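Heads up: take any position in the sequence shown, counting from 1, add 196, and you land on my numbering. For every residue, glycine included, the Cβ atom is placed at its ideal position computed from N, Cα and C. Model, not experiment: these values are computed from the prediction. The structure appears below as structure tokens.
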Amino acid sequence: MQDAPKVPAPLLENGHIRLKRCRHGAMAYNARDQYVGRSLDLYGEYGEEEFSLLAQLLKPGMTALDIGANIGALTLPMARAVGAKGRVMAFEPQRAIFQLLAANAALNALSNVETRHAAVGAAAGDIVVPPIDYEKGGNYGALALGSFEAGERVPVLTVDGLGLAQCHVMKVDVEGMENEVLEGATATITEFRPTLYLENDRCERSEELLTRLLNLDYAAYWHCPRLYNPDNYFANPENAFANLISRNVLALPNERDVKVERMQRITDPAVKF
Numbered sequence: 197m198q199d200a201p202k203v204p205a206p207l208l209e210n211g212h213i214r215l216k217r218c219r220h221g222a223m224a225y226n227a228r229d230q231y232v233g234r235s236l237d238l239y240g241e242y243g244e245e246e247f248s249l250l251a252q253l254l255k256p257g258m259t260a261l262d263i264g265a266n267i268g269a270l271t272l273p274m275a276r277a278v279g280a281k282g283r284v285m286a287f288e289p290q291r292a293i294f295q296l297l298a299a300n301a302a303l304n305a306l307s308n309v310e311t312r313h314a315a316v317g318a319a320a321g322d323i324v325v326p327p328i329d330y331e332k333g334g335n336y337g338a339l340a341l342g343s344f345e346a347g348e349r350v351p352v353l354t355v356d357g358l359g360l361a362q363c364h365v366m367k368v369d370v371e372g373m374e375n376e377v378l379e380g381a382t383a384t385i386t387e388f389r390p391t392l393y394l395e396n397d398r399c400e401r402s403e404e405l406l407t408r409l410l411n412l413d414y415a416a417y418w419h420c421p422r423l424y425n426p427d428n429y430f431a432n433p434e435n436a437f438a439n440l441i442s443r444n445v446l447a448l449p450n451e452r453d454v455k456v457e458r459m460q461r462i463t464d465p466a467v468k469f
């Protein structure tokens with residue numbers, strides 16, 4: 197009988213919060229989170245195939261936005277990729293998750309990361325984040341906002357309202373509100389033509405999002421990374437996520453004429469992946 201894989205013990209554990217040395221630095225996480233926390237706990241990383249793509253796009257000195265940053269599993273390596281002269285602005289509306297995001301930036305001494313406890317959308321205002329019991333197991337990152345009446349009112353910002361002097365990359369993972377984020381970033385996208393990396397797993401909203409990208413004169417490509425990385429940081433061979441993937445879109449300004457290999461180009465926004 198094969199021995200169970202051995203993963204490192206936490207450096208610190210307090211209730212449902214654990215701290216481990218992970219691929220991209222020290223990470224505090226909720227061990228009862230179904231995907232992000234579980235992946236960090238078992239593999240010492242989360243979304244590594246996503247970052248492998250982002251790593252090809254990020255250069256020292258760049259400004260990048262991590263909209264829907266969760267606890268910073270991608271914020272941290274993004275910040276290291278843009279270097280001390282670069283800047284990453286990370287946004288997260290759920291207070292308990294935002295606190296872990298800010299803690300992870302601080303634990304890793306990333307002074308080029310600016311964390312914001314806010315949502316990002318089409319227009320400035322506020323939005324209600326419902327009360328959640330984070331001690332219970334769940335997929336906390338899948339919370340879709342916009343329909344709740346009771347809870348904490350959190351600011352909604354727009355990308356255009358940030359007054360950015362430059363913007364090179366926008367990573368957007370906001371559970372169905374990706375189109376609203378782009379609507380509130382129209383001027384920024386028009387001026388700076390950043391690379392866009394967007395979650396697109398809501399079938400009912402996909403055509404609207406893809407149509408907007410094509411109308412902005414972007415070339416769009418499907419990118420569907422696996423949740424489990426066989427070459428994970430803890431060398432854990434046990435796949436806890438089976439064949440689960442993330443359904444994302446990489447969008448590049450057409451004027452760059454970049455050759456993209458091994459990714460399916462989207463020419464008809466009505467066609468489902």
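Just to check my reading of the structure: residue i and residue j have Cβ atoms closer than 8 Å, yes? What is that Cβ distance to the nearest angstrom?
i, j, result
"V365", "T384", "Their Cβ separation, rounded to whole angstroms, is 12 Å, which puts V365 and T384 out of contact at 8 Å."
"R219", "E246", "So it is not a contact: roughly 13 Å between Cβ atoms."
"N266", "L297", "7 Å"
"V169", "V370", "Within the shown structure, residues of the chain are numbered from 197 to 469, placing residue 169 beyond reach of any answer."
List the residues that DSSP assigns as beta-bridge partners of residue i.
i, result
"E395", "N444"
"F287", "I263 and R312"
"H419", "N444"
"V365", "A260 and T391"
"G221", "C218"
"E348", "V325"
"Y414", "P449"
"N487", "The structure shown does not extend to residue 487, since the chain is modelled only from 197 through 469, so no value can be given for it."
"R461", "Y417"
"L236", "DSSP, once it has assigned bridges, lists no residue as partnering L236."
"L353", "V316"
"G279", "Partner(s): none; G279 has no beta bridge."
"L208", "L215"
Mind checking residue i: buried by the 16 CB within 10 Å criterion, or exposed?
i, result
"P273", "buried"
"A346", "exposed"
"A299", "buried"
"A269", "buried"
"A205", "exposed"
"D262", "buried"
"K472", "Missing from the structure shown is residue 472; the chain here goes from 197 to 469 and no further."
"V355", "buried"
"A431", "exposed"
"G211", "exposed"
"G321", "exposed"
"L207", "exposed"
"E209", "exposed"
"G264", "buried"
Taking Cβ positions only, does residue i come closer than 7 Å to chain D?
i, result
"S307", "Protein chains in the displayed structure number just one, and chain D is not present."
So the candidates are the options; which of them puts its Cα closest to the Cα of residue i?
i, options, result
"P421", "N304, R234 and Y393", "Y393"
"N411", "E379, D237 and A431", "E379"
"L360", "P351, D369, T382 and E374", "T382"
"E403", "D464, A320 and M223", "D464"
"D329", "Q362, A292 and L303", "A292"
"Y414", "L446, N439, D427 and S442", "L446"
- Would you call the stretch 271-284 and the stretch 314-327 in contact, with 3 or more CB pairs under 8 Å? no
- Taking three-plus beta-carbon pairs below 8 Å as touching, is the stretch 322-338 in contact with the stretch 216-230? yes
- Taking three-plus beta-carbon pairs below 8 Å as touching, is the stretch 451-461 in contact with the stretch 396-407? no
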